[in-house]
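Numbering (full-length UniProt numbering), first residue to last: 1 to 276. Everything on this sheet refers to the single structure shown next.
Structure, rendered in structure tokens:
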């Protein structure tokens with residue numbers, strides 16, 4: 001079941017990420033992010049009665065919610081900025097580094113073990129994946145492009161660790177998702193009020209938000225039902241799915257560096273999963 005959920009999450013994320021470019025190009029970037037987070041939460045509201053009782057204020061739970069919200073918010077801001085300067089497939093590579101971060105953070109946060117070969121694989125993976133894309137962002141230096149993609153991977157990994165820790169604290173999936181999305185959404189809307197958005201903008205946001213919320217929900221269940229690294233390994237194929245969608249929709253040949261990085265991340269994360 002965990003594998004099927006991870007595949008469903010990968011496909012939903014791929015469609016949502018592809019739709020992100022349209023939102024980033026047609027709507028004021030930061031004004032759109034807050035409403036998107038809130039819409040993500042609203043799509044999951046009907047599941048609240050079927051989940052366990054919420055425990056918002058127990059122990060470390062509120063702090064983990066805040067960590068997840070901040071991580072998700074910063075990642076969203078970087079992603080929208082990157083997509084406005086490049087393709088959706090380039091941006092998706094940074095997120096696909098998440099399992100590597102989960103693996104390295106595991107010994108500290110999750111009580112997992114790590115071996116030297118895994119550390120070596122992570123280093124090789126990051127270099128082989130990101131270096132070919134260093135010139136893929138228009139108007140951005142190679143160093144900045146590499147830095148932004150690493151930040152996306154690191155923060156996405158920390159959000160995954162927070163999900164696992166919340167699960168161990170007895171927090172239900174609906175609470176984990178809804179609280180994180182609402183916190184991030186309200187923070188963004190307080191800083192960047194969604195003033196001036198039109199009805200057609202709202203329809204774009206709803207469409208993108210539906211696929212992303214389904215992806216997040218499926219990924220949370222996949223992480224909780226099985227191994228976090230294995231679940232994230234399947235989702236490491238997201239860049240390949242995004243490339244496929246771009247080829248079908250735009251009818252253009254994908255960039256070689258993007259294809260190379262997408263394949264490298266999928267193979268590398270699978271190798272990490274085999275050693276975990």
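C-beta atoms are modelled at their ideal positions from N, C-alpha and C, and glycine is treated no differently.
Nearest to residue 160 by C-alpha distance, out of 46, 55, 254 and 218, is 218.
From the listed residues 64, 6 and 14, the smallest Cα separation to residue 181 is found for 64. Comparing alpha-carbon positions, the option among 124, 152 and 66 lying closest to residue 267 turns out to be 124.
The beta carbon of residue 234 sits closer than 7 Å to those of 3, 6, 7 and 10, all from its chain and outside the five residues before and after it, given in chain order.
The three-state reading of DSSP puts residue 116 in helix, counting H, G and I together.
Collapsing the DSSP output to three states places residue 174 in a helix. Between residue 176 and residue 163, the C-beta gap is smaller than 7 Å, which places the two residues in contact. In the three-state reduction of the DSSP assignment, residue 138 falls in the coil class.
Secondary structure at residue 82: helix, using DSSP grouped into helix, strand and coil.
Separation of residue 257 and residue 52 (C-alpha to C-alpha, rounded to the nearest whole angstrom) is 45 Å. The beta-carbon separation of residue 18 and residue 242, rounded to 6 Å, stays under the 8 Å limit for a contact.
Of the residues 68, 46 and 55, the one whose Cα lies closest to the Cα of residue 220 is 68. Cβ-Cβ distances below 8 Å link residue 62 to 56 in the same chain, with the five nearest sequence neighbours on each side left out; the list follows chain order.
With distances taken between CA atoms, residue 14 lies nearest to 214 out of 250, 214, 24 and 138. Residue 40 sits buried, since 16 or more C-beta atoms from the chains shown fall within 10 Å of its C-beta.
Collapsing the DSSP output to three states places residue 1 in coil. In the three-state scheme derived from DSSP, where H, G and I count as helix and E and B as strand, residue 53 is classed as coil. Just measuring C-alpha positions, the residue of 157, 248 and 206 sitting nearest residue 75 is 157. Annotation: the continuous alpha helix (DSSP H) that includes residue 41 extends over 29-44. With respect to residue 93, residue 194 sits apart: the two C-beta atoms are not nearer than 7 Å.
The residue from 133, 80 and 78 with its alpha-carbon nearest to that of residue 90 is 133. The criterion of a C-beta distance shorter than 7 Å is satisfied by residue 184 and residue 37. Between residue 275 and residue 118, the gap from beta carbon to beta carbon is short of 7 Å. The continuous alpha helix (DSSP H) containing residue 203 extends over residues 199-225.
Inter-residue distance for residue 190 and residue 30 is about 11 Å (C-alpha atoms, whole angstroms). The beta-carbon distance between residue 188 and residue 73, rounded to whole angstroms, is 6 Å. This is short enough to meet the 8 Å contact definition.
Non-local beta-carbon contacts of residue 170 in its own chain, meaning distances under 7 Å to residues more than five positions away in sequence, involve 55 in chain order.
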